[in-house]
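Residue numbers (full-length UniProt numbering), protein chains in the order written: chain A, 1 to 202; chain B, 1 to 202.
Just so you know, even glycine gets a beta-carbon here, dropped at the ideal spot from N, CA and C.
2 protein chains.
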Amino acid sequence: MEKELDTETRIKEAAKRVFLKYGYEGTKIRQIAQEADVNVALVNYYFRSKEQLFKSIYMESFRAFFGKMILLLNEETPFEVKIWKIVDRYTDLIMENPLMPLFVLSENREEGSLLFKEMHVKEVIHTAYFTKQLKEEIAKGNIREVAPLHVIFSIMGNVVFPFLARPIISYIGDMDEEGFRKFMEERKKIVPEMLMAYLKVR
Amino acid sequence: MEKELDTETRIKEAAKRVFLKYGYEGTKIRQIAQEADVNVALVNYYFRSKEQLFKSIYMESFRAFFGKMILLLNEETPFEVKIWKIVDRYTDLIMENPLMPLFVLSENREEGSLLFKEMHVKEVIHTAYFTKQLKEEIAKGNIREVAPLHVIFSIMGNVVFPFLARPIISYIGDMDEEGFRKFMEERKKIVPEMLMAYLKVR
DNA sequence: AAGTGTTTTAAACATTTGTTTAAATATTAA
DNA sequence: TTAATATTTAAACAAATGTTTAAAACACTT
């Protein structure tokens, strides 16, 4: 089952791979062209400039990624189940896009990124059902008093960090791809247990 | 109290700042020269090439950073106290070098980094007193059975990730520098409590 | 003061890299 | 088929960037 892609999408797919892996500065147009098996000039023919190509890809990829994250955050599932589900699904999501986290963080070294503002990340987080749910659980006395941002970044830290440090982990733990996958599967159990153990203590 | 630095160290300090902030590809020699208030040619006069300058800085900075981390890992303090201490001191250490984590991870996108091998990171981790201690506590039945790597990367994830995502956190949480500092100070309490809550459950 | 070696400078150089051009080729429409 | 249009190519271009050069400025010794 061969995929016959037209030139424009071939370039876009190639650009995605290369940008994701090497970042904006590290990516050369000739590298994209080679990866897409296409003449260099065609990159500019279809996408005016490197920057424009980058922006369209960056926004599209991140939008898709972030969209999936938000969807889950707003799902109306009981609190504890949701913690488990979030960890499980975020792990899978990043497993499918393992380069996304470092890419996003690398391209957001400076404060005040336009992308996040354009996507209303702040508002989305603050009005997310998960945030509301967390506050309710605290009010009901079911879980310990804690700022939502700490919970969110504890989840993210525990799930995302291993992917960021993946070459290091693989090296220290002598893991191949399968080994790393197992490591992350283990975390799917450890991380929610850790979070709940903390949150439930009064 | 003015510091009168000679040209070589001025260049080196400038290079440290610029490399740390923009990474290898993102850093231009002319930018370093300007930052050091020095003629472009002097950079190559003192350090043969961009790559060589980078390497010397990269190794030196990371060595110092990693050295401090290891020291703490090998300190002979009771287990629970140590967890608290590690979180506390790592937070402070990174607060002093907030760009180091993203820098190290960005420059280690590929597997098999020489730097880590040269510094015997693997061996150091595996033979660290902390690792031994963890196994002993498990054997004594004081804490839950868990692979040391999970504990280490849970600590790192919880401590380091917020720094990696700092521009994002600051934006979402409307924090200035002081706000972020407070956020991290709060984590100094939350993270060890979370870890211990998990580890102590049997 | 002259001589010696070091440091600094402006300029040039060579390479890389993003972009454009103009001609060649393929595709589509009349 | 023919003419118009779109796509592709090799080549050139211009700007950015790492590096080198050769001379000037400086510091130090004798």
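Can you list, in chain order, the residues of its chain whose CB lies under 6 Å from that of B:R89, leaving out five sequence neighbours each side? As a first step, residue 89 of chain B is located in the second sequence; it is residue number 89 there, counting from the start. Sequence-distant Cβ neighbours of B:R89 in its own chain, meaning closer than 6 Å and more than five residues away, are L72.
When you compare only the Cα positions, how much space is there between B:E136 and B:I155? By 1-based counting over the second sequence, the position of residue 136 of chain B is 136. By 1-based counting over the second sequence, the position of residue 155 of chain B is 155. Roughly 19 Å separates the two Cα atoms.
For B:R181, count neighbouring C-beta atoms within 10 Å of its own C-beta (all shown protein chains included) and say buried if the count is 16 or more, exposed if not. The residue you call residue 181 of chain B lines up with position 181 of the second sequence. Looking at its Cβ environment, which holds fewer than 16 other Cβ atoms inside 10 Å, B:R181 is exposed.
If you measure from the beta carbon of B:V18 to each beta carbon in chain A, is any gap under 8 Å? Translated into positions along the second sequence, residue 18 of chain B becomes position 18. Output row for B:V18: interface = no.
Which ranges would you report for the alpha helix (DSSP H) in the stretch 93 to 145 of chain B if only whole runs of at least 4 residues count? List check, alpha helix (DSSP H) in window: 100 to 106, 114 to 118, 121 to 126, 129 to 139.
Would you call the stretch 82 to 99 of chain A and the stretch 113 to 124 of chain A in contact, with 3 or more CB pairs under 8 Å? no
By a C-beta neighbour count over all protein chains shown, 10 Å radius and 16 as the cutoff for buried, is A:Y45 buried or exposed? The sequence position of residue 45 of chain A within the first sequence is 45, counting from 1. With fewer than 16 Cβ atoms within 10 Å of its Cβ, A:Y45 is classed as exposed.
Between A:G141 and chain B, is the shortest Cβ-Cβ distance under 8 Å, so that the two count as touching? For this step, residue 141 of chain A is matched to residue 141 along the first sequence. Chain B, which has no Cβ nearer than 8 Å to the Cβ of A:G141, makes this no.
Does any heavy atom of the ligand ZN sit closer than 7 Å to the C-beta of A:L134? Absence of the ligand ZN is noted for the structure shown, with no ligands found whatsoever.
Against B:V146, what residues of chain A qualify as contacts under a CB-to-CB distance less than 8 Å, listed in chain order? Here residue 146 of chain B corresponds to residue number 146 of the second sequence, with the count starting at 1. Ordered by position in chain A, the residues that pass the 8 Å Cβ test against B:V146 are I190.
With H, G and I counted as helix, E and B as strand and the rest as coil, what does DSSP make of A:F184? As a working note, residue 184 of chain A is residue 184 in the first sequence. For the record, residue 184 of chain A in the displayed sequence is Met; it is not Phe. Helix, per DSSP.
For B:G100, tell me which candidate among B:V121, B:E60, B:N74 has the shortest Cα-Cα distance. Locating residue 100 of chain B in the second sequence gives position 100, counting from the first residue. The sequence given here has Met at residue 100 of chain B, not Gly. Answer by Cα proximity: B:E60.
In or out: A:L102 buried (at least 16 other Cβ within 10 Å) or exposed? Here residue 102 of chain A is taken as the residue at index 102 of the first sequence, counted from 1. Buried, since its Cβ has 16 or more Cβ neighbours within 10 Å.
Starting from B:E54 and walking both ways along the alpha helix (DSSP H), at which residues does that stretch end? Along the second sequence, read from residue 1 onward, the residue named residue 54 of chain B stands at position 54. One point to set straight first is that residue 54 of chain B is Phe, not Glu, in the sequence displayed. First-last of the alpha helix (DSSP H) with B:F54: 50 to 73.
Please confirm if B:M194 has its CB atom under 8 Å from at least one CB of chain A. Locating residue 194 of chain B in the second sequence gives position 194, where the first residue counts as 1. Taking Cβ atoms only, chain A reaches closer than 8 Å to B:M194, which makes this a yes.
Can you name, in chain order, every residue of its own chain whose Cβ lies under 6 Å from the Cβ of B:Y24, other than the five neighbours on each side? Position 24 of the second sequence, counting from 1, holds the residue named residue 24 of chain B. Sequence-distant Cβ neighbours of B:Y24 in its own chain, meaning closer than 6 Å and more than five residues away, are F54.
Alpha helix (DSSP H) containing B:F153: first to last residue? One-based indexing of the second sequence puts residue 153 of chain B at position 153. 148 to 164 is the span of the alpha helix (DSSP H), which, as asked, contains B:F153.
Thinking C-beta only, is A:V121 closer than 8 Å to A:K159? Position 159 of the first sequence holds residue 159 of chain A. Position 121 of the first sequence holds residue 121 of chain A. Before going on, a small fix: residue 159 of chain A reads as Val here, not Lys. Contact: no.
Looking at chain B, is there any beta carbon in it that lies within less than 8 Å of the beta carbon of A:E2? Reading the first sequence from its first residue, position 2 is the one you call residue 2 of chain A. The predicted model places A:E2 with a pLDDT of 41, which falls under 50 and marks its position as unreliable, so this point remains unresolved.
Compare the C-beta of A:N44 against all C-beta atoms of chain B and say whether one is closer than 8 Å. Locating residue 44 of chain A in the first sequence gives position 44, counting from the first residue. No, because no Cβ of chain B sits closer than 8 Å to the Cβ of A:N44.
According to DSSP, simplified to helix, strand and coil, what is B:M175? On the second sequence, position 175 is the one that residue 175 of chain B refers to. Note: B:M175 maps to coil in three-state DSSP.
Classify B:P78 as buried or exposed, calling it buried when 16 or more other Cβ atoms lie within 10 Å of its own Cβ. As a first step, residue 78 of chain B is located in the second sequence; it is residue number 78 there, counting from the start. Classification for B:P78: exposed.
Contact check, A:I168 vs B:N108, beta carbons under 8 Å: By one-based count along the first sequence, residue 168 of chain A stands at place 168. By one-based count along the second sequence, residue 108 of chain B stands at place 108. In contact: A:I168 and B:N108 (Cβ atoms closer than 8 Å).
Kindly indicate if chain A contains any beta-carbon less than 8 Å away from that of B:Y198. Residue numbering aside, residue 198 of chain B sits at position 198 when the second sequence is read from its first letter. Yes, contact with chain A.
Which term fits A:S49, buried or exposed, when burial requires 16 or more other beta carbons within 10 angstroms of its beta carbon? To locate residue 49 of chain A, count along the first sequence from 1; it is residue 49. Its Cβ having fewer than 16 others within 10 Å, A:S49 is exposed.
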